[in-house]
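**Q** Chains as they are written, first to last, in the working numbering: chain A, 1 to 252; chain B, 253 to 504. Input: one structure, supplied below.
There are 2 protein chains.
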Amino acid sequence: MNVAKFLDPNSWIDGSIGPLYVRLRKRIEDGIESGVLEPNTPLPPEREIASLTALSRVTVRKAIEELVDRGVIVQIQGSGSFVTEKKARVEQSLSRLTSFTEDMERRGMASESKWLERGIFIPSPDEVVVLALGASDSVSRITRLRIAGDRPMALERASLPLDILPNPTAVEKSLYEVLQASGNLPVRAIQKISAINLDEKDAELLGVPENSAGLHIERTSYLSSGRVAEFTRSKYRGDAYDFVAELRLATN
Amino acid sequence: MNVAKFLDPNSWIDGSIGPLYVRLRKRIEDGIESGVLEPNTPLPPEREIASLTALSRVTVRKAIEELVDRGVIVQIQGSGSFVTEKKARVEQSLSRLTSFTEDMERRGMASESKWLERGIFIPSPDEVVVLALGASDSVSRITRLRIAGDRPMALERASLPLDILPNPTAVEKSLYEVLQASGNLPVRAIQKISAINLDEKDAELLGVPENSAGLHIERTSYLSSGRVAEFTRSKYRGDAYDFVAELRLATN
DNA sequence: GAGTGGTCTAGACCACAGG
DNA sequence: CTGTGGTCTAGACCACTCG
């Protein structure tokens, strides 16, 4: 399959939906995936892609832009746009906001939960501040032991404003599924990760010796409006979990 | 100061350099910083900003785009572009690739290093794979104890291909300063973070009791070309350091 | 319906890489 | 010098919010 033919709009542009730049981006991704576009070889020039696809160059650039962000393509002014080698690419799920359920699925493990607490409570001072609650607001709280592949993995306590999760007992498996159903899915989160020695109680729940190293993760999630949707504190087994993050050099 | 006047190009557009969309972005950032543009209030419509600044709407959108990425501005179709509340914003340095030196400066601490190893070595199998070395290539390696505010903070072992760091003894303080000088500054990195119990030797170097929890961080850094520039393994004191990361919901 | 952001176009000029 | 990506424009239409 040659590149010009692969980009011929008649064969794909009606096959997907959404903005043209998204469709083109996906087409290019498919091309890389299927080997039509190979690592270390240049894409056709932007102007040529534009003419091949019958799109404007601005639209072509917008399609490529996201691929550059993800590290799949490197653009060099005056030279060309190149597909990077696979090992240099950032896995797309690295900086992705995932639920524990999804995270474990990605690692090929089934996950379950054992409920420790699930209901509506009077908020702690921490919760009032982080969730921006009013003086008389209550808080939804769900605390559970996360189990994956028959091994306890984490203790997780999530707190949410009552209007975002009015019925905490409705959460059966994935909190994020419930939030998505009500249109309250966070789009961004900040995590603070530190190391702790697990105390006797936590160690017992996680099935490790007292004083074992664990990861303490505090996550604050935001809706697209900028409002805080969720505040979660988790303790992960140090011997069974690692956290992967992507960093970028600031462009300021 | 009113918004229209603040955006009047005569007063600022020549005062900075670079592309127009970058200058406008910085102007808007200044406006938010100085209070001319207030949280929860809408920016002028894109078309109005364009006419006020005598720029095209495309350029205005590009300026705003980055601010939306950082969570400083929220755009709502059909409604407007709003400045978010400060507490909902992502600190710009969160997902930023920083050196230990910078990182400590940001936290208001002076940093120093105690050299444990610095020179050219035969690579370990790990290093050969991660750094994509040839069979006969050597590796530059620098190992040091990082100290901040008179407290040992981390043990750090960095490995780099010889052509990227030909002279490891030239590194006096910041590795990244040396890399920048030679045009080999990484633009992206992947970090894997896990928790470990520090063994006797490491605990002694870090000045904590044996078996204390520590953060183990493996970082692989990439040049803009996609090539691996640096592979670093660090052990941080769990009681003195935390790692902050930003997550996003994938838009696929 | 009026006003907003979201997408798209055709064309121009600039900055840089490489023969 | 030619060809590439980087920036910028003026104008159009669509999709959505809100009164």
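Heads up, the beta-carbon is just placed ideally off N, CA and C, and yes, glycines get one too. Keep in mind that this is a model prediction, so the values were computed, not measured.
Roughly how many whole angstroms lie between the Cα atoms of residue 174(A) and residue 234(A)?
**A** So the two alpha carbons sit approximately 15 Å from each other.
**Q** Decide if residue 331(A) is buried, meaning its Cβ has at least 16 other Cβ atoms within 10 Å, or exposed.
**A** The question about residue 331(A) has no answer here: the residues shown for chain A are numbered 1 through 252.
**Q** Is the CB of residue 191(A) under 7 Å away from at least one CB in chain B?
**A** Taking Cβ atoms only, chain B reaches closer than 7 Å to residue 191(A), which makes this a yes.
**Q** So who's on the other strand from residue 332(B), going by DSSP bridges?
**A** In the DSSP output, where bridge partners are listed per residue, residue 332(B) has 328(B).
**Q** Unbroken beta strand (DSSP E) runs of length 3 or more, entirely within the region 135-215 of chain A: which are they?
**A** DSSP runs (the beta strand (DSSP E)) wholly in the region 135-215 of chain A: 139-148, 151-161, 188-197.
**Q** Output yes if chain A places a C-beta closer than 7 Å to the C-beta of residue 298(B); else output no.
**A** Not closer than 7 Å to any Cβ of chain A, the Cβ of residue 298(B) fails to qualify, so no.
**Q** By Cβ distance below 7 Å, which residues in the same chain neighbour residue 144(A) in space, the five residues on each side in sequence not counted?
**A** Taken in chain order, the residues that qualify are 113, 114, 115, 116, 156.
**Q** Which residue comes first and which comes last in the beta strand (DSSP E) that contains residue 247(A)?
**A** That run of the beta strand (DSSP E) goes 243-248.
**Q** May I have the straight-line CA-CA distance separating residue 324(B) from residue 249(A), to the nearest angstrom?
**A** About 19 Å.
**Q** Could you work out which residues of chain B lie near residue 16(A), taking near to mean beta carbons separated by less than 7 Å?
**A** Residues of chain B passing the Cβ test: none, with the nearest at roughly 12 Å.
**Q** Please state whether the Cβ-Cβ distance between residue 218(A) and residue 192(A) is less than 7 Å.
**A** Yes, the pair counts as a contact, with Cβ atoms nearer than the cut-off.
**Q** Give me the chain B residues within the contact set of residue 211(A), using Cβ-Cβ distance strictly less than 8 Å, ordered along the chain.
**A** Ordered by position in chain B, the residues that pass the 8 Å Cβ test against residue 211(A) are 449, 463.
**Q** What residue from 360(B), 286(B), 372(B), 475(B) has the CA that sits closest to residue 393(B)'s CA?
**A** The residue with the shortest Cα to Cα distance from residue 393(B) is 372(B).
**Q** Can you tell me where the beta strand (DSSP E) with residue 480(B) in it begins and where it stops?
**A** Start and end: 480-489.
**Q** Does the distance from the C-beta atom of residue 442(B) to that of residue 66(A) stay below 7 Å?
**A** Contact: no.
**Q** What distance in whole Å lies between the Cβ atoms of residue 228(A) and residue 236(A), which are believed to be in contact at a cut-off of 8 Å?
**A** That belief does not hold up - the Cβ atoms of residue 236(A) and residue 228(A) are roughly 22 Å apart, past 8 Å.
**Q** Find out if the Cβ-Cβ distance for the pair residue 483(B), residue 411(B) is shorter than 7 Å.
**A** Result yes, Cβ atoms of residue 483(B) and residue 411(B) sit closer than 7 Å.
**Q** Please return the same chain residues whose Cβ sits closer than 7 Å to the Cβ of residue 278(B), not counting the five positions on each side in sequence.
**A** Excluding sequence neighbours, residue 278(B) sits near 268.
**Q** Rounded to a whole number of angstroms, what is the C-alpha to C-alpha distance between residue 239(A) and residue 126(A)?
**A** Roughly 29 Å between the two C-alpha positions.
**Q** Taking only beta carbons into account, state which residues of the region 238-251 of chain A come closer than 9 Å to chain B, listed in chain order.
**A** From the region 238-251 of chain A, only 238, 239, 241, 242, 243, 244, 245, 246, 247, 248, 249, 250, 251 have a Cβ closer than 9 Å to chain B.
**Q** Helix, strand or coil, according to DSSP, for residue 303(B) in the structure here?
**A** Helix at residue 303(B).
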